[in-house]
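The numbering used here numbers the first residue of the sequence shown as 41 and each following residue consecutively.
Using N, Cα and C, we set each Cβ at its ideal position, and we do this for glycine too.
Single-structure report; data block below.
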Amino acid sequence: MSRSPLHLALLALALCTMLNTACAPDSVKETTYVTPLGAEFMSQQAPPRVSRPSFVDTRGPRMDPNETPGRYPFYWTRAIYSGWGRRGWGQSWATDYPKGDQQFLVVLKRLVRLNAYDWENAIWLDDPTLRRFPIIYAVEVGGMDMTNAEVEGLRSYLDAGGFLIVDDFWGQREWDVFEYNIRRVYPDHPIVDITLDHPIYSAYYDIEEVKQVPAIGRAMYPAECYGCVP
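Structure, rendered in structure tokens:
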């Protein structure tokens, strides 16, 4: 099969790039990389490696003492709640923490022009400073078992206008655990689906449908709710 000179040149460029990358030391692999095919179009900053292990201390880290909340307009904040964990890796709130939060911020700051704090920020639901952070993220809430103080803290936070994102739990059993806990916060509020005509689905991107992409080994556990509000 004949190939055009341009095709052969691109193949040669790709092979050279792969060989240079494979042979380069780690200190070189993390620098900015540029290809000759239009510098402005093809150059990009390689993401920094995030190799810190998942956090397992159940009390969670504190923000750097030199960091004053409010210096940045946005802090990606992980909610710490009482409960249990899986496979001996600490409580469920800490799943993929802090690595997942750091990687999320790398991608977020590429897609959105946002002056965000670069590092993870985790806070207990009964912490009196919770209101400093308008958005909090709770993960693996199928292992949630909030204390009364955490229930009161979350209710006060949401009543003041705080926004809670809940993610990554599977099947009826884990939904039942979350529903039990959130009904302790708002016992008289029904849980309803957010329909696709809600403004939140067009706040930044226009989202026309929501599809479930199950994790490996989780295909038999359907999503219980695509965007709910209690």
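- Approximately 7 Å separates the beta-carbon atoms of Asn155 and Phe114; this is inside 8 Å, confirming the contact.
- Taking Asn106 as the centre and dropping the five residues before and after it, the same chain places no C-beta closer than 7 Å to its C-beta.
- By the criterion of a C-beta distance shorter than 6 Å, Trp164 is surrounded in its chain by Ile120, once the five residues flanking it on both sides are discounted.
- Trp116 has its alpha-carbon roughly 25 Å from the corresponding atom of Asn188.
- The beta carbons of Trp124 and Asp185 sit about 7 Å from each other, so the pair counts as a contact at 8 Å.
- Between Tyr112 and Tyr157 the beta-carbon gap is near 4 Å, inside 8 Å, which marks them as a contact.
- According to DSSP, Ile163 shares a beta bridge with Ala119.
- Per DSSP, the continuous beta strand (DSSP E) segment holding Asp207 begins and ends at 203-207.
- Glu160 and Ala243 have their C-alpha atoms roughly 25 Å apart.
- Secondary structure of Gln131 (DSSP, three-state): strand.
- Here Tyr112 carries a coil assignment [DSSP, helix/strand/coil].
- Looking at the DSSP output, Ile175 sits in a beta bridge with Phe203.
- The secondary-structure analysis by DSSP pairs Met184 across a beta bridge with Gly123.
- Val250 counts as exposed, since fewer than 16 other beta carbons sit within 10 angstroms of its beta carbon.
- If you look at Trp215, you'll find it in the alpha helix (DSSP H) that goes 211-225.
- One Cα belongs to Leu170, the other to His229, and the distance between them is close to 22 Å.
- For Asp237, there is no enclosing alpha helix (DSSP H), since its DSSP letter is neither H nor E.
- Using a 10 angstroms sphere on the CB of Tyr245, the tally of other CB atoms stays under 16, which defines it as exposed.
- In the displayed model, Ala156 falls within a strand according to three-state DSSP.
- Shown here, Val253 sits in coil according to DSSP, grouped into three states, outside any helix or strand.
- Spatial neighbours of Phe144 in its own chain (CB-CB distance under 7 Å, excluding positions within 5 residues in sequence) are listed in chain order as Trp116.
- The criterion of a C-beta distance shorter than 7 Å is satisfied by Glu180 and Phe209.
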